[in-house]
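In the numbering used here, the protein residues as written are 73 to 683. Beta carbons are placed, not taken as given, at the ideal position from N, Cα and C, and that holds for glycine. Only a predicted model underlies this, so the values are computations on that prediction, with no experimental measurement involved.
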């Protein structure tokens with residue numbers, strides 16, 4: 073994986089501003105500590121930081137290729153999982169290669185098919201190709217948003233990068249946050265609307281979108297959508313198809329010139345990926361390392377509830393022993409977890425999922441000591457129906473984002489400077505816009521339409537939030553994390569699988585459980601979903617609450633957008649004033665306090681200007 077940045081301006085000579093692209097690219101050193109490279113010309117400045125995974129010599133960037141008197145330059149962040157098939161196809165069309173790197177295959181694909189190249193790519197990617205001869209820039213992001221890309225349009229300047237922090241190094245880009253950004257922070261975060269990057273001057277390119285930018289044209293287009301089709305497969309056929317798709321996705325993602333490992337929580341999803349990986353590597357005479365996370369004294373303080381029915385540590389050991397991995401448990405101290413809230417904010421460039429973020433940051437820091445590449449089980453819940461909002465009646469029919477049902481709580485949190493009704497209207501409009509984009513069949517029942525809506529919302533919103541978290545926290549530690557369930561072929565197929573099949577045996581992810589029966593231990597196959605990871609130590613709550621009280625006392629800049637009195641009232645209550653988590657399944661009172669701490673730190677550190 074890598075970090076990319078660029079500045080395109082067709083109206084003036086920007087080659088003399090090399091120091092700007094250098095500063096931007098230097099902020100991405102964590103994404104690519106192995107090498108750096110630049111391309112400087114009159115209208116384009118491109119920067120690249122490289123984490124070397126495949127073809128150390130042949131994959132250097134920016135990469136230049138000539139074709140029919142035209143000159144093409146690419147900066148690319150990603151991995152291609154159909155590289156060999158695509159290379160063969162391009163060679164058959166008369167193209168020649170100087171390396172075996174993914175980068176050259178992506179660049180050659182663009183040379184051959186222009187913007188249609190994205191339809192041939194199976195992988196995770198964010199890249200930009202500059203056609204110097206035609207003065208045209210092409211920028212694209214992968215189907216599901218595994219790899220990030222942000223950009224800004226300022227007058228005649230198109231500026232882009234892998235992370236927000238790099239864009240903020242450009243002198244044209246401010247730290248202003250307007251009312252729309254404030255409503256995102258209070259009404260929707262840690263999720264964000266498609267295109268929103270909170271900052272007024274910055275846009276996030278949504279998954280499955282590309283941009284064409286020339287002197288006269290700026291075009292942005294969605295190149296992939298979920299398409300409804302009549303489903304005619306029987307249950308047994310569906311089980312076999314799922315098994316085949318998932319196994320193929322995992323196997324394709326085991327390609328690396330460096331050691332590869334797996335995250336193994338002891339849950340269904342990570343156990344399936346670990347089992348497939350271990351079996352494949354065993355054929356090559358290799359033994360797989362697996363990693364899980366635990367918190368100091370967690371077993372001592374754990375209490376059963378409907379959102380976290382079981383602890384993970386026991387099941388991770390069962391899975392590792394059954395599969396045959398060298399398993400390493402990373403134990404995190406709650407003091408470190410609390411302190412890492414700030415580092416996680418910088419990694420994300422925004423307030424995020426509090427200790428859900430900082431735990432991953434600490435975890436990946438330890439994993440990176442053993443490997444450069446890891447496979448993880450994210451995205452299975454979104455596409456196989458693992459969340460309670462798919463199957464619990466009190467969740468699935470909410471006329472809002474089901475992982476964030478407490479809009480009244482968020483409205484009360486908003487500063488009196490802003491209209492609560494406007495906030496409600498903003499959130500509702502984002503929800504209705506998304507629902508309006510859902511494609512379904514005229515023959516779908518009301519229940520089938522609702523499940524398509526939930527599926528779409530999860531793929532386009534909740535899954536992107538978790539993928540953003542995974543990318544920023546892991547790449548902050550120069551660790552590439554691959555997510556096999558985020559293979560667009562699996563996502564396409566499951567969009568049309570009826571809920572009755574996904575919910576086999578009246579169990580969440582029943583279809584996935586049946587598909588890998590006999591391959592994973594029965595204890596894991598039959599285990600109820602338990603969100604992962606979370607600390608139960610009351611010391612963490614005490615620490616976060618104490619810090620929030622300090623923030624209230626010191627009159628933080630966040631009180632421009634947050635109602636100070638309402639926040640103070642929350643700190644005085646013994647229990648959180650909600651019967652459900654305020655976001656997702658894990659974010660209750662300690663995580664809410666963590667979010668406030670991150671928001672305060674972010675506003676001060678990034679010198680945020682709330683308009």
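Legend entry - Buried/exposed call for residue 165, threshold 16 Cβ in 10 Å: exposed
Legend entry - Euclidean distance between Cα positions of residue 575 and residue 398: 33 Å
Legend entry - Reference residue 132; option with closest CA among 141, 146, 557: 146
Legend entry - residue 558 - DSSP class collapsed to helix/strand/coil: helix
Legend entry - First through last residue of the beta strand (DSSP E) which encompasses residue 446: 445-447
Legend entry - Three-state secondary structure (DSSP) of residue 339: coil
Inset, instruction - Go ahead and pull the three-state DSSP assignment for residue 553. - result: strand
Inset, instruction - State yes or no: is the C-beta of residue 716 within less than 8 Å of the C-beta of residue 266? - result: A query on residue 716 cannot be resolved here, the shown segment of the chain reaching from 73 to 683 and no further.
Legend entry - Proximity below 8 Å, CB of residue 261 to CB of residue 474: no
Legend entry - Inter-residue CB distance, residue 428 and residue 240 (contact presumed, cutoff 8 Å): Actually they do not touch by this definition, with Cβ atoms about 24 Å apart.
Inset, instruction - Determine the DSSP secondary structure at residue 493, reduced to helix, strand or coil. - result: helix
Inset, instruction - Please report how far the alpha carbon of residue 629 lies from the alpha carbon of residue 293, in whole angstroms. - result: 38 Å
Legend entry - CB of residue 274 within 8 Å of CB of residue 224, strictly: yes
Legend entry - As assigned by DSSP and simplified to three states, the class of residue 610: helix
Legend entry - residue 319 versus 102, 298, 342, residue with shortest Cα-Cα distance: 342
Legend entry - Top-ranked residue by Cα proximity to residue 438, from 520, 335, 536, 182: 335
Legend entry - For residue 671 and residue 30, the rounded distance between their alpha carbons: Look at the range of the chain in this structure, 73 to 683, and you will see that residue 30 is not part of it.
Inset, instruction - Give, in chain order, every unbroken run of the alpha helix (DSSP H) that is at least 4 residues long and sits entirely within the region 428-490. - result: 452-456, 460-463, 465-468, 479-485
Legend entry - Contact set for residue 113: own chain, Cβ-Cβ below 8 Å, skip 5 residues either direction: 87, 204
Legend entry - Local conformation of residue 397 per DSSP, three classes: coil
Inset, instruction - Would you mind listing the beta strand (DSSP E) stretches within the region 555-597 that are 3+ residues and don't spill past its ends, in chain order? - result: none
Inset, instruction - Go ahead and pull the three-state DSSP assignment for residue 267. - result: coil
Legend entry - Segments of 4+ residues assigned as alpha helix (DSSP H) that fall wholly inside the region 305-361: 307-324, 340-355
Inset, instruction - Can you grab the Cα-Cα spacing for the pair residue 387 / residue 338, in whole Å? - result: 4 Å
Inset, instruction - Starting from the Cα of residue 524, find the closest Cα among 462, 281, 238, 158 and give me that residue. - result: 462
Inset, instruction - Quick one: using the 10 Å Cβ neighbour count with 16 as the cut-off for buried, is residue 667 buried or exposed? - result: buried
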